[in-house]
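**Q**
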Amino acid sequence: MIIFSLVVVVYLMNLFIGLLNMAIETDNDRASYLAQKALILIEIELFYLLPHQRRWNSCYYYADVEETRQTIKKLENEGLGKQMVFLK
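According to my numbering, the sequence shown is numbered sequentially starting from 340.
Structure representation (structure tokens):
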């Protein structure tokens with residue numbers, strides 16, 4: 340009876356950890372994707388472009404400051420801004 344109780348406790352803890360892992364994973368998918376994409380773009384810009392290619396403005400993404408601020412405020416109002424700390 341004691342062995343059965345221990346096995347059930349271990350099984351339930353494993354199940355709980357798996358469910359918790361799935362919940363955390365779904366929340367962080369988009370944020371981790373964007374963070375990884377930013378790191379890859381930084382690496383490409385620094386290491387794979389020749390010096391004269393880095394001077395070309397056409398290869399860099401242009402982000403309007405006001406539009407970006409409005410998007411961040413909108414995300415914060417929806418409650419998504421707290422999850423994406425790297426945007427601040």
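Virtual Cβ for every residue (Gly too), placed ideally from N, Cα, C.
#1: Going by the CB atoms, is the gap between ARG393 and GLU384 shorter than 8 Å?
#2: DSSP three-state call for TYR372: helix, strand or coil?
#3: Rounded to the nearest angstrom, what separates ASP368 and MET340 at their Cα positions?
#4: By DSSP, does SER344 sit in helix, in strand, or in coil?
**A** Taking the definition as stated:
#1: yes
#2: helix
#3: 42 Å
#4: helix
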